[in-house]
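Trainee:
8 protein chains.
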Amino acid sequence: MRDPNNAFHLAIPVRDLDEALEFYVSKLGCHLARRYDDRITLDFFGDQVVCHLSEGYESGPLELYPRHFGVTFKERRDFDDLLYLVNQRDLPLFRGPEPRFKDQVEEHLTVVLQDPSANLLEFKHYRDPRMMY
Amino acid sequence: MRDPNNAFHLAIPVRDLDEALEFYVSKLGCHLARRYDDRITLDFFGDQVVCHLSEGYESGPLELYPRHFGVTFKERRDFDDLLYLVNQRDLPLFRGPEPRFKDQVEEHLTVVLQDPSANLLEFKHYRDPRMMY
Amino acid sequence: MRDPNNAFHLAIPVRDLDEALEFYVSKLGCHLARRYDDRITLDFFGDQVVCHLSEGYESGPLELYPRHFGVTFKERRDFDDLLYLVNQRDLPLFRGPEPRFKDQVEEHLTVVLQDPSANLLEFKHYRDPRMMY
Amino acid sequence: MRDPNNAFHLAIPVRDLDEALEFYVSKLGCHLARRYDDRITLDFFGDQVVCHLSEGYESGPLELYPRHFGVTFKERRDFDDLLYLVNQRDLPLFRGPEPRFKDQVEEHLTVVLQDPSANLLEFKHYRDPRMMY
Amino acid sequence: MRDPNNAFHLAIPVRDLDEALEFYVSKLGCHLARRYDDRITLDFFGDQVVCHLSEGYESGPLELYPRHFGVTFKERRDFDDLLYLVNQRDLPLFRGPEPRFKDQVEEHLTVVLQDPSANLLEFKHYRDPRMMY
Amino acid sequence: MRDPNNAFHLAIPVRDLDEALEFYVSKLGCHLARRYDDRITLDFFGDQVVCHLSEGYESGPLELYPRHFGVTFKERRDFDDLLYLVNQRDLPLFRGPEPRFKDQVEEHLTVVLQDPSANLLEFKHYRDPRMMY
Amino acid sequence: MRDPNNAFHLAIPVRDLDEALEFYVSKLGCHLARRYDDRITLDFFGDQVVCHLSEGYESGPLELYPRHFGVTFKERRDFDDLLYLVNQRDLPLFRGPEPRFKDQVEEHLTVVLQDPSANLLEFKHYRDPRMMY
Amino acid sequence: MRDPNNAFHLAIPVRDLDEALEFYVSKLGCHLARRYDDRITLDFFGDQVVCHLSEGYESGPLELYPRHFGVTFKERRDFDDLLYLVNQRDLPLFRGPEPRFKDQVEEHLTVVLQDPSANLLEFKHYRDPRMMY
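Chains as they are written, first to last, in the working numbering: chain H, 36 to 168; chain L, 36 to 168; chain X, 36 to 168; chain A, 36 to 168; chain B, 36 to 168; chain U, 36 to 168; chain Y, 36 to 168; chain D, 36 to 168.
Okay, here's the thing in structure tokens:
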């Protein structure tokens, strides 16, 4: 169990702040904490994600490895709620939803989304919550 | 407050797994959860960081924006403990420790480390914990 | 102690949504959860405040009673953080900061702010936390 | 998740304190914390509601917007318990119980009660608890 | 640590319900949960105390043993808050405040109050919180 | 919700300490914290019960009112576990198990045990946990 | 309930550190905290187990009593997850899985594993969680 | 942080159950959960220690490695409370109290006690709580 009082902090590049706001807040249901000229800060499922406006932004071909981020939910119900949101609001899927490592202890459900700036977001739920690390 | 049962999940590239293990576990004090041929998974201050071995790894010049990650500690004592560890174990500093946004509500202490694969890690403590988002 | 999983829910009138967003998010540091044409919903110190756009809005003379809302902080440090924010960001004070019920068990610190739509917000800290009800 | 140690604080007008006590404590099951000549303070589902006696009280036609308050329950069971209480004790319904935003992510169950002084109380339960803000 | 979701339940005799209400709610700061013709139920520091009207009530000479009840506070600050309330509101002391078992591991501060029906209430704070059992 | 760090404290008379130990620890499953010549102290479901040896102990006819004590369980499963223990270990029943206030909001399950010194213990589970006060 | 901030600490002998690492981390899913020349320290289900390299290690015939250690899970689901891991990864069973004390209050499920250095690990789940002590 | 609902479980040999009870309960302040003919079970600082009567018990020379057990306290105050108890009740010291790994990140305070059956108990407090694993 992690300390509920701290926050993980992740900074990512985005090509447009309004577009990022639309994706993360209006679609994905995160909360906008602060808006500056060059970035927005988000309460992203209880942690902090900062979207930095990146001048000369250029995204290569999308690949899941080695860079992506997201949330591992302990409860299946939270993963299902996320999937329902993804479907109802037509969020762009990069991969899944699908199971991985079937019949192994590390078995989990995963879905990967892509934001408008080609950042990949993975949400997971493990059969055995001890495997979330 | 975030949910203590979930975990933030971040995947990053590293050029060498042993080197990453040395940095994240032996130096930074994270816990090794799993080791595969192509990656190690870490309990990183209660969240999950996965270090993926990246073939043909090439790092450009180090810049703090737009990509970095880390932890925002609610308690000053936890930030100071991290600084003490950084000093005693000679972890490579990229920036700070230093205050930012002095005399503003967003005022915070920050220190930025760099891992051997040129990933930047920022640890923060805000004067007003409401600003950690 | 209240249940951390639930949220108090308060709906209030505002004359302009952008103005409300500026006050509650950019100034007071609340988080924007959702924006509709006729309202914005806020994560207000962990509870929900909904600002409804009120056509033909007209505010009478400001009086603290019988209507106002806010947060009672258990810890003095949280009240002081709020005061610091109020000062640094020049939020409009309606009353205080000041002590009330001096030398009684109900003694508390209070500060009352006014939002641009003449809603009054009271923040409190009691000497004896049992008195926060 | 909100901080269980703090309390939301709401002050509302009532035309008669005994009548308010009867409604909020004997009917709705809130707890009486303090009674003064001009107000009563309540532990209202873990937060604080203060009923101020309002001289010359006059209520206009009842409208849900823009002013009402209540609780959003994370667990369905808590919402159902509230409904059961409302039915068994014949609390006056203003609207519902009914679903809103059907087939949208914001879908929730809602019931609106009215107290004897024409204050409206809304209790909610969201399909996806992330939408409670 | 005890389970925060349960409640200890204690039923005690009182000779007069209004008098008990005055003592437990108006003076001691407990919350009134329910009132019936023959009893009142209280939120007593988070647990439940029920005061039953006892016809033909007759109290013998007051003795601390073997019957009394109260709360052991883990934090000194909570004990001091209670003492302050006792002094400011002139609650009737039966014994103390005083230390007991000085220089032993079981050392604690204690104060014993008496309610109008001759029930004795003891509040304690131990030097070593492991000794509260 | 009550504070998990504090403990309710109840002192009761018993006619024999070994007999009390047998009942409370070996049968009811409480934990023995301390034993003195004139009393034993118990971790009683997370709160403290002290059994004082009462010289010249004499018990009148057993009546549930006005004196008894016990635990109200939020979860039905905990009440059922207690009932199972009562049956398997043949603890002496004074009343119940039975429902009370059927079809009212205060509806609850109750069972009353008697210890060898004629103290009555009531365990309860409410349909609506808000009614446990 | 135990304090989530502390850790139980157990030191045990092992004949080979790599072998112990393989068993505890790669198989049992514990996390490696630190590695020294003569020991490894583990985050063992939230507590600390230290494996000390024991020169001249010699193990006698395996017996469950009087020495073994492990975890008692409150929730059945956690016990079942452990069993699934044991089966999928072929961990060596010493005894069970099996029920013990059938039809008694102390009834529980148990499974005993043996590590490569002949230490025995028992995992349990009680029908009545009060019996876990 | 560990799960407060589970318990670590450790079984150890003792040569005499009354002697063990005297040491663990009367001296060290643990709680007796259950007593059988061949063992006693203890609530040991929130975890479970079972003392098994070992026929033909024979203890070799006392050595700290590789076998000992105890508790690592996050808060210094809890370690100091334990030391105070050790001094006031004259518990037999095997080593310390003393600091270890001075000026390293792993620096901690430690004290080692021995029970009457030659089991060694180590209590620790780390300068940096992340090092408790």
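Don't be surprised by glycine CBs; every beta carbon is placed ideally from N, CA and C. It should be emphasised that the depicted structure is a prediction, and the values quoted were computed from it without experimental measurement.
1) Is the Cβ of A/D38 closer than 8 Å to any Cβ of chain B?
2) Taking only runs that begin and end inside the stretch 102–153 of chain A, name each unbroken beta strand (DSSP E) of 3 or more residues, in chain order.
3) Only counting the same chain, and skipping five residues up and downstream in sequence, which positions put a Cβ closer than 6 Å to that of B/T76?
4) Locate the beta strand (DSSP E) running through L/D82, then write down its first and last residues.
5) Is A/L120 closer than 8 Å to A/L148 when the C-beta atoms are compared?
6) Look at the Cβ atom of B/F80, then the Cβ atom of U/V106, and state whether they are nearer than 8 Å.
7) Taking D/R74 and D/L88 to be in contact with their CB atoms under 8 Å, please state how far apart those CB atoms are, rounded to whole angstroms.
8) From A/D116 to A/T145, what does the alpha carbon distance come to, in whole angstroms?
9) Kindly indicate if chain X contains any beta-carbon less than 8 Å away from that of B/L120.
10) Could you check the C-alpha separation between L/P134 and L/M167 for me, to the nearest Å?
11) What's the gap between the Cα of H/R165 and the Cα of U/Y100?
12) For A/E57, which of helix, strand or coil comes out of DSSP?
13) Can you look up B/P48 in the DSSP assignment and give me helix, strand or coil?
14) Excluding the 5 residues flanking X/Y92 on each side, which residues of the same chain have their C-beta closer than 8 Å to its C-beta?
15) Using a Cβ-Cβ cutoff of less than 6 Å, which residues in the same chain neighbour U/Y59 once the five nearest sequence positions on both sides are dropped?
16) What residues match up with Y/Y161 in a beta bridge as DSSP calls it?
17) Thinking C-alpha only, which one of X/R37, X/R162, X/N154 and X/F158 is nearest X/P96?
18) Thinking C-alpha only, which one of U/D72, U/L63 and U/V140 is nearest U/F158?
19) What's the gap between the Cα of H/G131 and the Cα of H/N122?
20) Anyone know if the C-beta pair for Y/L45 and D/L45 falls short of 8 Å?
21) Cβ of H/E157 less than 8 Å from any chain L Cβ?
22) Expressed to the nearest angstrom, what Euclidean distance is found between the alpha-carbon atoms of H/R124 and A/H160?
23) Using a Cβ cut-off of 8 Å (strictly closer), state whether U/Q123 contacts chain Y.
24) Spatial neighbours of B/E142 within its chain, please: CB distance less than 6 Å, with the 5 preceding and 5 following residues excluded, ordered by chain position.
25) Here's the rule I'm using: 16 or more other beta-carbon atoms within 10 Å means buried, otherwise exposed. How should D/D38 be labelled?
26) I believe A/F104 touches X/N41 by the beta-carbon criterion, under 8 Å. Please report the beta-carbon distance rounded to the nearest angstrom.
27) Against chain X, with Cβ distances strictly below 8 Å, would B/H66 count as a contact?
28) Which word fits U/D113, buried or exposed, when buried means at least 16 other C-beta atoms lie within 10 angstroms of its C-beta?
29) When you check each C-beta in the stretch 85–117 of chain L against every C-beta of chain D, which residues fall closer than 7 Å?
30) Given a threshold of 16 other Cβ atoms within 10 Å of its Cβ, counted over all protein chains shown, does A/D82 qualify as buried or as exposed?
31) Smallest Cα separation from A/D140: which of H/Q139, H/L126, H/R111 and H/L52?
32) Who pairs with B/A42 in a beta bridge, going by DSSP?
33) What are the boundary residues of the beta strand (DSSP E) that U/L77 is part of?
34) Using only the alpha-carbon positions, how far apart do B/E54 and A/D150 sit?
Mentor: This is what the structure gives:
1) no
2) 103–108, 128–135 and 143–149
3) A68, R69 and V85
4) D82 to L88
5) no
6) no
7) 6 Å
8) 13 Å
9) yes
10) 14 Å
11) 50 Å
12) helix
13) strand
14) P48, V49, R50 and S152
15) C65 and L77
16) Y/H143
17) X/N154
18) U/L63
19) 12 Å
20) yes
21) yes
22) 20 Å
23) yes
24) F136 and R162
25) buried
26) Wrong, their Cβ atoms sit about 13 Å apart, outside the cutoff.
27) yes
28) buried
29) D116
30) buried
31) Here the sequence assigns Val to residue 140 of chain A, which means Asp is not the residue at that position. Nearest of H/Q139, H/L126, H/R111 and H/L52 to A/V140, Cα basis: H/L126.
32) U/T107
33) R74 to F79
34) 29 Å
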